[in-house]
Ligand code: F6R
């Protein structure tokens, strides 16, 4: 989720790259750097922090040249410091690489390269690429890049320069976007057109497996088999503001639509098919440590607390470890019963929420092991938790959390799988969970492809004053999350409830004006939820149902149905959340709310 920009042409490259990086800063902003061909070799400037710091460094220590690459980072492997900032270079500073994505086999490649004498200076997965390219170089930069890419597994968008083949930039993509910008006697490469839109509107989008070779006079696109590829030139009509949001009207919508990729990133490299378990490299918890846990406390706020409730259900059902879920703001002032056999799971997108951080410190003070499930790398919770699982979902800019929620649930499913397989979950059941996890990105995409149906539903309900969201089992937390999404961005009063609990009070609210959203996939509690639908319909409520198959028991009882693909029970919240996010989004837009910055809210609540 970082940003890449590169330029070759007659102009001074440093200001061009800085300008492009500023345009990309919304994608990642924890460190940045440039590599420029200065006529003698590859010269770099790198900083931890924002692009403005890189700009100050370059005014204090200028570099000149007309060919170079730049990067703004959103850390995945290693803390956001100068050593881990891109570009990465080889020992002799002859090659430089910038990279977006994750190299999954970086660990084993690094060990092999170190055995051959390569010296690494960062903790990043990216650094293996530059050493592989240097080792493979035999006169042609593109040939060396191809050879290196044949050895890596994972996702990448890269740009590479070298003083040993000094007039070109080589770029390649697999799973991470990259495009070539066309100018007159000049060419650009960028991860996102916003970086170069001020200079050209003619671009060539690279496909997965493409490699582009750019110099002043032209560009070529080849495959990893070195054969020439023909790609069409596209003209961009969007303005810059639209561009940063990838053409979406709001960051929230962009982030909702990113979920097939963000869920895939959370899973990347973490599923072990043979042993039907999960590999969670950052947890620092050995199998013995995990087996020694007597109980788990999950603490979080808001949306992250909702994913915690789903985690509770998963862990208790499959790993059979008792779990309690606590609002961090309550936990910190109670006298909680935790000890050194308690695992405290701390869930936070930002990693900076004050109450969650304080709850984590309280658990640590009482001797509990802490495990952070965090999106922002290098954030306080990520740094200070004893163990961690990063979401790898990329920056979430819309205030309402969407892609972080689905990735949190997926991360909890991975942790559940790991702990359950250490206890008594069978290989067969483990494989079923893995298959279902792997199918999620495709299922999410199928739902997103039908977003216009939800938009039409939003038109129908945009004037409602109240909403009730009902679900049971795994989808009671989904009901809470659906209600929270709606209220925080549309300002419509909404409540989430366990569907059966409705009879104990909220049923009094139901009349022909009350929309009731049922989360009713075909899971183990479906029949129970179907009875609750009947109860609402008998009181003339307007029923919107998220289902997963044709259900005769609901015939005539539902006013609006949206069907999601089937999956195993524990993953239904991931799929059910998507139409609920879209419903909240479209209703809010139709009511004229500022969905990316709703009133009174902040992205990261760093006060108590
Ligand atoms: C709701 C939302 C908030 C956050 C909460 C915790 O859409 O975004 O409820 O989930 O403030 O934030 P993190 O996860 O950053 O600790």
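Numbering (our numbering), first residue to last: 1250 to 1857.
All residues carry an ideal CB built from backbone N, CA and C; glycine is no exception.
Just so it is clear, the structure is predicted and the values come from calculations on it, not from any experiment.
Check	Outcome
Taking 7 Å as the cut-off, decide whether the C-beta atoms of residue 1374 and residue 1352 are in contact.	yes
The alpha helix (DSSP H) with residue 1422 in it runs from where to where?	Segment 1418-1423 is the beta strand (DSSP E) holding residue 1422; no alpha helix (DSSP H) there.
Quick check on the DSSP output: what are the complete alpha helix (DSSP H) runs of length 4 or more inside the segment 1250-1317, in order along the chain?	1262-1273, 1300-1309
Is the segment 1634-1641 touching the segment 1660-1668, taking contact as three or more C-beta pairs under 8 Å?	yes
Suppose only complete runs of 4+ residues qualify. What are the alpha helix (DSSP H) ranges in the segment 1432-1511, listed by chain order?	1489-1493, 1500-1506
In three-state terms, what does DSSP make of residue 1411?	strand
Grab me the residues of residue 1846's own chain with a C-beta within less than 8 Å of its C-beta, minus the 5 sequence neighbours each way, in chain order.	1648
Kindly indicate which residue of 1718, 1833, 1668, 1543 has the alpha-carbon position closest to the one of residue 1712.	1833
What are the uninterrupted segments assigned as beta strand (DSSP E) that are 3 or more residues long and contained completely in the segment 1509-1561, given in chain order?	1544-1549
I'd like the ranges of any alpha helix (DSSP H) spanning at least 4 consecutive residues and lying wholly in the segment 1354-1395.	1355-1364, 1376-1385
Closer than 6 Å: is that where the CB of residue 1745 sits relative to any heavy atom of the ligand F6R?	no
DSSP state of residue 1835, grouped into three classes?	helix
So does the segment 1692-1703 actually touch the segment 1823-1831, counting three or more Cβ pairs closer than 8 Å?	yes
Which residues in the same chain have their Cβ closer than 7 Å to the Cβ of residue 1506, if we skip the five residues on either side of it in sequence?	1497, 1697
Using 6 Å as the cut-off, classify the Cβ of residue 1649 as near or not near the heavy atoms of the ligand F6R, replying yes or no.	yes
Just to check, is the beta-carbon of residue 1792 closer than 6 Å to a non-hydrogen atom of the ligand F6R?	no
Pick out whichever of 1528, 1368, 1720 has its Cα sitting closest to the Cα of residue 1750.	1720
Is residue 1602 closer than 7 Å to residue 1550 when the C-beta atoms are compared?	yes
Closer than 6 Å: is that where the CB of residue 1394 sits relative to any heavy atom of the ligand F6R?	no
On the CB-based measure, 16 or more other CB atoms within 10 Å of its CB, does residue 1509 come out buried or exposed?	buried
Check the C-beta distance from residue 1282 over to residue 1296 and give it rounded, since I have them as a contact under 8 Å.	7 Å
Mind reading off the beta-carbon distance from residue 1274 to residue 1327? Whole number of angstroms is fine, and I expect it under 8 Å.	Between residue 1327 and residue 1274 the Cβ distance is about 20 Å, and since that is not below 8 Å, they are no contact.
Can you tell me which of the three DSSP states residue 1619 falls into?	strand
I'd like the span of the alpha helix (DSSP H) that includes residue 1747, first residue to last.	Looking at the DSSP string, residue 1747 is not in any alpha helix (DSSP H); the run it does join, the beta strand (DSSP E), is 1742-1747.
Can you tell me the Cα-Cα spacing of residue 1724 and residue 1744, whole angstroms?	14 Å
Taking 6 Å as the cut-off, is the beta-carbon of residue 1551 closer than that to any non-hydrogen atom of the ligand MN?	With respect to small molecules bound, the structure shown includes the ligand F6R and not the ligand MN.
Determine the contact status of residue 1597 and residue 1630, defining contact as a CB-CB distance below 7 Å.	yes
Counting Cβ pairs closer than 8 Å, one from the segment 1465-1485 and one from the segment 1432-1452, do we hit at least three?	yes
In the DSSP output, which residue or residues are listed as bridge partners for residue 1580?	Its beta-bridge partners do not exist; DSSP assigns none.
For a test of your reading of the model: does the CB of residue 1854 fall under 6 Å from any non-hydrogen atom of the ligand F6R? Yes or no.	yes
On a Cα-Cα basis, can you pick out the residue from 1547, 1552, 1570, 1557 that is closest to residue 1539?	1570
Tell me the rounded alpha-carbon separation between residue 1269 and residue 1308.	17 Å
Using the Cα positions of residue 1400 and residue 1317, report the straight-line distance between them to the nearest angstrom.	25 Å
Figure out for me which residue from 1566, 1851, 1766 has the closest Cα to the Cα of residue 1773.	1566
Just mark residue 1543 as buried or exposed, buried being the case when its beta carbon has 16 or more other beta carbons within 10 Å.	exposed
Throw me the rounded Cβ distance for the residue 1439 and residue 1432 pair, which I believe falls under 8 Å.	Actually they are not in contact, since the Cβ atoms of residue 1439 and residue 1432 sit about 12 Å apart, beyond 8 Å.
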